[in-house]
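If you read the sequence shown in UniProt numbering, its first letter stands for residue 1, the second for the next number, and so on.
From the three backbone atoms N, C-alpha and C, an ideal C-beta is built for every residue, glycine too.
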Amino acid sequence: MITVKLQLYKPTKCKEQRLFSIIREFTSCANWYLDKLQESRTTSRVKIHNGYYETARKSFRLLSANVQLALDKAIETQRAFLNKKGKKSVPKFKKQFACFRQDTFKIFDRYVQFNMPGRERVNIPFKVCNPNHKQFIKQQPKRSQLINKKGKWFLYVSYETDKPAIDGNINIIGVDLGVKKIVTVSNPEASVNVFFSGNKAIYTRNKYQRYRKQIQRAKDTGKAKRGYRALKRISGKEKNWIKDTNHKISKQIVNIAKQNKADIAIENLKGIRERIKATKKVRRMLHSWSFRQLISFLQYKSAMAGVRIVSVDPRHTSQRCPRCGHISKDNRKSQSAFKCSQCHYSVNADLVGSRNIALTALNLYGEGKRPSERAVMLLPMAEGKTLMASCLEAPSVRAG
């Protein structure tokens with residue numbers, strides 16, 4: 001699945017009123033369903049649909065497909081809330097939006113057509129935000145989400161990508177996300193070992209943070225308007241730098257997969273900010289780094305390159321020994337060191353994470369069976385070559 005971002009050109013006043021009406025009604029319907037889910041203490045779609053669908057159809061000026069999608073969105077959000085650990089607040093949709101099923105909107109060469117209540121249709125021209133996504137426009141979309149951001153209209157369209165056929169010989173590289181090393185790429189055979197260092201990222205983020213503090217002090221002295229413009233300019237530069245870095249990292253990962261004829265295994269991002277513990281400075285960088293943007297770039301670049309990508313549960317990937325499978329907190333000696341307390345296998349901790357992610361993906365491919373003996377037996381052998389790659393610099397190779 002890949003998401004394509006479209007920016008809608010400024011609609012006429014009449015059309016814009018209809019768009020505002022649909023996102024207002026859809027958001028209200030989704031929040032109404034959230035209240036019913038919390039009152040009923042259930043996330044069963046059948047029970048909520050049977051109990052409240054007719055009331056929702058009468059209460060909100062929406063197509064039946066939109067009402068069903070509002071229920072789906074509410075259930076998805078409520079389940080995520082119930083599964084989340086730690087501090088959490090009762091979910092509520094604050095920003096207005098509307099979801100459309102493939103039978104309620106259609107994308108033509110230059111405009112998108114929305115089906116509206118009352119058998120109305122609204123046609124609005126658009127442009128593709130990312131030129132690399134233009135090839136997907138002619139395909140059949142699955143669904144879309146409409147939002148208004150600072151007076152501009154955007155449509156996020158989901159497309160089903162073709163999945164390459166799985167043959168008997170499966171080669172997988174695991175992608176581990178972190179802070180000191182933004183990304184670590186490795187495979188169970190240890191023939192691929194790539195680090196994308198986070199040192200320059202941390203330095204650059206701290207530099208922008210110092211700029212913000214200096215500008216903030218200037219604002220406090222009375223130069224508020226000038227300081228606000230400077231903060232806005234700094235924020236734009238920082239976002240562009242992150243975006244450029246993520247583009248470069250994702251491109252290199254896909255190239256590594258193509259060179260090794262491998263699939264890509266990534267960790268599910270859910271809860272990554274809670275899982276990683278670090279200092280205050282590193283936490284600031286972690287909470288502001290766009291890991292989801294990085295994964296999004298990786299997904300669409302891999303789809304364009306015909307590389308399969310699979311998401312896996314990252315639990316215990318930093319504590320499990322990739323050689324013997326022993327899981328223990330004692331295995332992780334430090335942020336960068338791993339030594340199994342049972343078989344004494346020792347290796348860089350980031351490599352362990354990426355290899356375990358790859359092994360977890362192999363388990364998925366093997367229908368729950370343990371990965372092939374070939375993948376496990378080769379682990380204790382020489383580490384091969386290790387590639388140290390900076391986000392913004394050309395990679396250099398060194399012996400492992």
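The straight-line gap separating the alpha-carbon atoms of residue 238 and residue 257 is approximately 29 Å. Taking C-beta atoms under 8 Å as the contact rule, residue 23 and residue 146 qualify, at a distance of about 6 Å. For a cut-off of 8 Å, the C-beta gap from residue 360 to residue 312 is around 4 Å, short enough to register as a contact. Residue 249 carries a helical assignment under DSSP once its states are collapsed to helix, strand and coil. Shown here for residue 5: same chain residues with a beta carbon closer than 7 Å to its own, the five before and five after excluded, namely 129, 130, 154 and 156 in chain order.
Inside the region 105-172, DSSP marks whole beta strand (DSSP E) runs of 3 or more residues at positions 105-107, 111-116, 120-128, 141-149 and 152-159, from first to last along the chain. CA-to-CA, the gap between residue 52 and residue 37 works out to about 10 Å.
Counted as a single uninterrupted DSSP element, the beta strand (DSSP E) harbouring residue 181 occupies residues 181-186. Residue 55 is classed as exposed because its beta carbon has fewer than 16 other beta carbons within 10 Å across all chains shown. A contact is defined here as three or more CB-CB pairs under 8 Å, and the region 250-264 fails this definition with respect to the region 203-211. By the beta-carbon neighbour count (other beta carbons within 10 angstroms, threshold 16), residue 184 is buried. The alpha carbon of residue 158 has as its nearest neighbour, out of 267, 324, 234 and 105, the alpha carbon of 105. Here residue 99 is buried. Its C-beta has 16 or more other C-beta atoms within 10 Å. In the DSSP assignment, the residues bridged to residue 177 are 183.
Taken through DSSP and simplified to helix, strand or coil, residue 8 comes out as strand. The continuous stretches of beta strand (DSSP E) do not include residue 190, and DSSP gives it neither H nor E. If you check the CB distance, residue 152 and residue 8 come in under 9 Å. Sequence-distant partners of residue 139 (beyond 5 residues in either direction) whose C-beta falls short of 6 Å from its own C-beta, in its chain, are 159. Collapsing the DSSP output to three states places residue 330 in a helix. By the C-beta density criterion, residue 356 is buried, having at least 16 other C-beta atoms within 10 angstroms.
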